[in-house]
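Some notes on the structure that comes next.
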Amino acid sequence: MLNRQGRPSSAGQAGTTEHPTFTGNKALAQIEPLLFEIGRYDTTGVDLDEPEDFKPRLGGLERREPIGLPGLSEPETMRHYVRLSQQNYGIDTGLFPLGSCTMKHNARLNERMARLPGFSDVHPLQPVSTVQGALELMNELGRYLVTLTNMTAVALSPKAGAHGELCGMMAIKAAIEAKGEGATRNVVLVPDSAHGTNPATAALIGFKVKPVPAREDGWVHVEDVKERLGPDVAAIMLTNPNTCGLFEPQVAEIAKAIHDAGAYFYCDGANFNAIVGKAKPGDLGVDAMHINLHKTFSTPHGGGGPGSGPVVLSERLAPFAPVPFVRMKDGSFELVEQNNEAGGTAAPFGRMTAFHGQMGMYVRALSYMLSHGADGMKQASEDAVLNANYIRAGLADLMSLPFGNKPCMHEVLFDDAWLKDTGVTTLDVAKAMIDEGYHPMTMYFPLVVHGAMLIEPTESESKASLDLFIAMLRDLAFAARNGDKERFTGAPYHAPRRRLDETRAARNPVLKWTPPSPVAEAAE
Amino acid sequence: MRYLPLSDTDRSEMLARIGVNHVDELFADVPKNLLLKEPVDLPRRKGEWEVERILSRMSAKNISASSVPFFVGAGAYKHHVPATVDHLIQRSEFLTSYTPYQPEIAQGTLQYLFEFQTQVAALTGMEVANASMYDGSTGTGEAVLMAHRITKRRKAVLSGGLHPHYADVVRTLSEMSSDDVVTMAPDVGGTEDILSQIDDSVSCVVVQSPDVFGNVRDLKPIADKAHQHGVLLIAVFTEAVSLGLLASPGSQGADIVVGEGQSIGNALNFGGPYVGLFATQSKFLRQMPGRLCGETVDADGNRGFVLTLSTREQHIRRDKATSNICTNSGLCSLAFTIHMTLLGEAGLSRLARINHANAVKLADQLASVKGVEVLNKTFFNEFTLKLAKPAAEVVERLVEKGVLAGVPVSRLLPGAGLDNLLLVASTEVNTDDDRAALCAALKEVL
Numbered sequence: 001m002l003n004r005q006g007r008p009s010s011a012g013q014a015g016t017t018e019h020p021t022f023t024g025n026k027a028l029a030q031i032e033p034l035l036f037e038i039g040r041y042d043t044t045g046v047d048l049d050e051p052e053d054f055k056p057r058l059g060g061l062e063r064r065e066p067i068g069l070p071g072l073s074e075p076e077t078m079r080h081y082v083r084l085s086q087q088n089y090g091i092d093t094g095l096f097p098l099g100s101c102t103m104k105h106n107a108r109l110n111e112r113m114a115r116l117p118g119f120s121d122v123h124p125l126q127p128v129s130t131v132q133g134a135l136e137l138m139n140e141l142g143r144y145l146v147t148l149t150n151m152t153a154v155a156l157s158p159k160a161g162a163h164g165e166l167c168g169m170m171a172i173k174a175a176i177e178a179k180g181e182g183a184t185r186n187v188v189l190v191p192d193s194a195h196g197t198n199p200a201t202a203a204l205i206g207f208k209v210k211p212v213p214a215r216e217d218g219w220v221h222v223e224d225v226k227e228r229l230g231p232d233v234a235a236i237m238l239t240n241p242n243t244c245g246l247f248e249p250q251v252a253e254i255a256k257a258i259h260d261a262g263a264y265f266y267c268d269g270a271n272f273n274a275i276v277g278k279a280k281p282g283d284l285g286v287d288a289m290h291i292n293l294h295k296t297f298s299t300p301h302g303g304g305g306p307g308s309g310p311v312v313l314s315e316r317l318a319p320f321a322p323v324p325f326v327r328m329k330d331g332s333f334e335l336v337e338q339n340n341e342a343g344g345t346a347a348p349f350g351r352m353t354a355f356h357g358q359m360g361m362y363v364r365a366l367s368y369m370l371s372h373g374a375d376g377m378k379q380a381s382e383d384a385v386l387n388a389n390y391i392r393a394g395l396a397d398l399m400s401l402p403f404g405n406k407p408c409m410h411e412v413l414f415d416d417a418w419l420k421d422t423g424v425t426t427l428d429v430a431k432a433m434i435d436e437g438y439h440p441m442t443m444y445f446p447l448v449v450h451g452a453m454l455i456e457p458t459e460s461e462s463k464a465s466l467d468l469f470i471a472m473l474r475d476l477a478f479a480a481r482n483g484d485k486e487r488f489t490g491a492p493y494h495a496p497r498r499r500l501d502e503t504r505a506a507r508n509p510v511l512k513w514t515p516p517s518p519v520a521e522a523a524e
Numbered sequence: 001m002r003y004l005p006l007s008d009t010d011r012s013e014m015l016a017r018i019g020v021n022h023v024d025e026l027f028a029d030v031p032k033n034l035l036l037k038e039p040v041d042l043p044r045r046k047g048e049w050e051v052e053r054i055l056s057r058m059s060a061k062n063i064s065a066s067s068v069p070f071f072v073g074a075g076a077y078k079h080h081v082p083a084t085v086d087h088l089i090q091r092s093e094f095l096t097s098y099t100p101y102q103p104e105i106a107q108g109t110l111q112y113l114f115e116f117q118t119q120v121a122a123l124t125g126m127e128v129a130n131a132s133m134y135d136g137s138t139g140t141g142e143a144v145l146m147a148h149r150i151t152k153r154r155k156a157v158l159s160g161g162l163h164p165h166y167a168d169v170v171r172t173l174s175e176m177s178s179d180d181v182v183t184m185a186p187d188v189g190g191t192e193d194i195l196s197q198i199d200d201s202v203s204c205v206v207v208q209s210p211d212v213f214g215n216v217r218d219l220k221p222i223a224d225k226a227h228q229h230g231v232l233l234i235a236v237f238t239e240a241v242s243l244g245l246l247a248s249p250g251s252q253g254a255d256i257v258v259g260e261g262q263s264i265g266n267a268l269n270f271g272g273p274y275v276g277l278f279a280t281q282s283k284f285l286r287q288m289p290g291r292l293c294g295e296t297v298d299a300d301g302n303r304g305f306v307l308t309l310s311t312r313e314q315h316i317r318r319d320k321a322t323s324n325i326c327t328n329s330g331l332c333s334l335a336f337t338i339h340m341t342l343l344g345e346a347g348l349s350r351l352a353r354i355n356h357a358n359a360v361k362l363a364d365q366l367a368s369v370k371g372v373e374v375l376n377k378t379f380f381n382e383f384t385l386k387l388a389k390p391a392a393e394v395v396e397r398l399v400e401k402g403v404l405a406g407v408p409v410s411r412l413l414p415g416a417g418l419d420n421l422l423l424v425a426s427t428e429v430n431t432d433d434d435r436a437a438l439c440a441a442l443k444e445v446l
């Protein structure tokens, strides 16, 4: 039984001034040293028995120097990483309106499914007779992706979105070479609003990039494309819905013009979440499109990967799909792993990765799609678009819309005209949002808009959550207008770190921990 | 639908606030004839239990590595992953966060990436490591491109001991970029004369150790000859645990080290996601692909971490970038670094010794089976057998006996005349019973 005698029953005298702590910790906000500052070289958190004496067969190439890897016991390991995790903002923490990144809810059912032993504990080179269920899953995922996009084939193996772009552009290059036009068709048209990966991908495999300038309405115009078309053009890389948050109304005409000129239409599928179940890229004339499973189909972003970027291909490009791929033969699934095993008209352009791609992501994505169903996926896209437009409606009077107050897709783009003469920048607004408990939107992208702020709420937000988010941005907008500049320029004040010096990091790169030198220690 | 918070009432109120009557008015820019009226031709939504039943059935059709005596390797290895690793990588704040572009609220990710880079640099014996690549094979492709940028030459020489799928990835990328690649003949014994291929026209030589046939390669003579001709040595590994016991590639003179980190902290996952490790010398830093995390200070002078040197990357440089890469293998690198932290130097070197000891024991036992010849003079935890019968056939027969025996070389190199060769891997998870089962089954089949 508790002896409550002498225990104050009131909250005490609540002071408003800050009292620095001796430790630097602030209650739940703990400072965590580097592993190298707390680990020991003779400590381990796993129990392993030293093997019995044996004669090594390493040819005398044994390591002779220590490696320099400190260890921690299991309890220390747990605490180190839990404390680190608490310095991160995730979707489960709050609204994560990062435009073009589709930070939607990550259902834990998908995590559980990915860990079923028949998926997580099977080897890519086991006999195919022992992995029929895994191949069935890949086949089924492919069927879902092809059905949602009305395309002919899918290459599952690309490891991420940019890797998928590379795969799609390689298929295009292979198709052009098969027609004997490899030497002449070497230009790829890329609108200014495109993701940086598009021009980087095209350049990587030897294409020349020709930009298509942005128009004032945020759209790519078919006449601008036509003007640049010729026998030297291999493809256009177009994002649709585009990075300004708008659906390209002339997409079908652009596709026709591209095809008439003998070129191919690569679609960047980063923004597929706006139109899943609402429109099929194959109907729009797309020849190749990567799908970011980690965006549209909610396999987690995991702090920057792993991603997964399957590419759907039109009939014209399907024969060039890389190995490996799954197909049905005599009632069971087989894996085609070599170019010369493809048979028929197939002419795979090669291989993107050692094995079959991101199986762990395939399971999560299929789990997502089975859960949603055709009806749920359509509803999800509609809700994603509805949520973005609701934010647009809630902020249009205070913030500035570069292309006018017209409907957007699943993300809404503001510029920084509304901050004119306030002394506050887009970056400052982002950092002030951090103090208010939100992850910032995508900043300064797309490049075609000054001080861009690209907001993508996704379908995972409730109306109440959106109302709070809108109210927060309205408060910030009023504060900026009313000259409350320091709230912005000094922000964040309340995050685990204040604003970090990125210039210093780049000028004098410190990319790993090094032991403090004895001289420096003595001087302290 | 359980994942969608909006109710029909919410939707109506929101449409009214926006000033439209129907959600399809928001899709007005989609050509009318292309806007779908009905859901696509796929099944409707399912509850958790139904999804679990469908996927569990598929899962049950596969033979998992833990359920049988298991000796399959060739670039992916069955190791034990501590429960702590899998728990920690599922922490919401790690699992559901994005690339740490807002460092003030992503110090958790950034600090572990900094620790990861430090561990990888130490393990490979190099000065700098990046924040990970998609996997070892794509990392190898990127390493070749990096060597071309540094040397301003465009010809790579691939060792015949390089994993054939890695070689395929490099060749695909090189053919598309119109670069030259010389692939040496499959080198079962690890005795190829790669030195004779090195001259002033070559950008890089790519050598794997332990190689795909299991041989441990001495990289030093290759590095020495390469450096005389301004050629870079790209050292590749597919079994990260081997570095706990073998001299690091850096100490042998490698210029770029790239490898597969799956063995530490990551499940087999039928081939992915994995984690590519990538390290080099400081002087090549600005030509390195991939994300980098660096130390800095915040406005109050406190230590913190940020992504840095992004002027190499596609979102800044566009068509002039060093690579088109936009993602690393975040969560897999987290699994790697947590497992490495649990192991520490003491645990890693012991784990490596156990792997090697188990493989030596297995090789000795197999050598006494009639119709089996162990070809390797040196190996770490994997070696090549020459069987009296085609290996693919033998592997299938052994499946019937409940043993997954290894990878037939013919699966990696069909038509190379190596049909009777079998790659066999042995790790810490193999027991005396497993070894006995493999030997007994082989005796019956051969």
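If you read the sequences in order, they're chains Z and B.
Letter 357 of the first sequence, counting from 1, is numbered 357 in UniProt numbering, and no numbers are missing.
Letter 250 of the second sequence, counting from 1, is numbered 250 in UniProt numbering, and no numbers are missing.
Positions of the beta carbon are idealized from the N, C-alpha and C atoms, including for glycine.
Buried or exposed for residue i, going by 16 or more other Cβ atoms inside 10 Å?
i, result
"Asp187(B)", "buried"
"residue 527(Z)", "With chain Z covering only 1 through 524, there is no way to say anything about residue 527(Z)."
"Ala425(B)", "buried"
"His163(Z)", "buried"
"His229(B)", "exposed"
"Ser12(B)", "exposed"
"His195(Z)", "buried"
"Phe22(Z)", "exposed"
"Met377(Z)", "buried"
If we ignore side chains and look at the alpha-carbon of each, how far apart do residue i and residue j end up?
i, j, result
"Ser332(Z)", "Thr130(Z)", "11 angstroms"
"Leu35(Z)", "His80(Z)", "8 angstroms"
"Ala114(Z)", "Val412(Z)", "33 angstroms"
"Leu468(Z)", "Tyr438(Z)", "11 angstroms"
"Ile222(B)", "Pro33(Z)", "41 angstroms"
"Val336(Z)", "Lys155(B)", "29 angstroms"
"Glu227(Z)", "Val212(Z)", "10 angstroms"
"Leu48(Z)", "Thr322(B)", "42 angstroms"
"Glu456(Z)", "Glu341(Z)", "44 angstroms"
"residue 451(B)", "Val206(B)", "Residue 451(B) lies beyond the range of chain B shown here (1 to 446); nothing can be said about it."
What would DSSP say about residue i, mapped onto helix, strand or coil?
i, result
"Ile236(Z)", "strand"
"Pro117(Z)", "helix"
"Lys512(Z)", "coil"
"Gln250(Z)", "coil"
"Gln287(B)", "helix"
"Met453(Z)", "strand"
"Lys155(B)", "strand"
"Ala523(Z)", "Because the pLDDT at Ala523(Z) is just 48, under 50, the model does not fix this residue reliably, and the value given afterwards should be weighed accordingly. The answer is helix: DSSP assigns Ala523(Z) an H, G or I state."
"Asn387(Z)", "helix"
"Ser193(Z)", "coil"
"Pro249(B)", "coil"
What is the C-beta distance between residue i and residue j, in whole angstroms, given that I count them as a contact (C-beta under 8 angstroms)?
i, j, result
"Thr44(Z)", "Leu343(B)", "6 angstroms"
"Pro306(Z)", "Pro273(B)", "3 angstroms"
"Gln107(B)", "Arg497(Z)", "6 angstroms"
Does residue i have its Cβ less than 8 angstroms from a Cβ in chain A?
i, result
"Lys329(Z)", "Of the protein chains in the structure, Z and B, none is chain A."
Checklist entry - Taking three-plus beta-carbon pairs below 8 angstroms as touching, is the region 365–373 of chain Z in contact with the region 45–52 of chain B? => result yes
Checklist entry - Between the region 316–326 of chain Z and the region 344–351 of chain Z, do at least 3 Cβ pairs fall closer than 8 angstroms? => result Contact between the region 316–326 of chain Z and the region 344–351 of chain Z is present: three or more C-beta pairs spanning the two stretches fall below 8 angstroms.
Next on the checklist: Between the region 324–337 of chain B and the region 269–286 of chain B, can you find at least three pairs of beta-carbon atoms closer than 8 angstroms?
Outcome noted: Below 8 angstroms, enough C-beta pairs join the region 269–286 of chain B and the region 324–337 of chain B to call them touching: three or more.
Next on the checklist: Check whether the region 16–25 of chain B and the region 258–272 of chain Z touch, using three or more Cβ-Cβ pairs below 8 angstroms as the test.
Outcome noted: no
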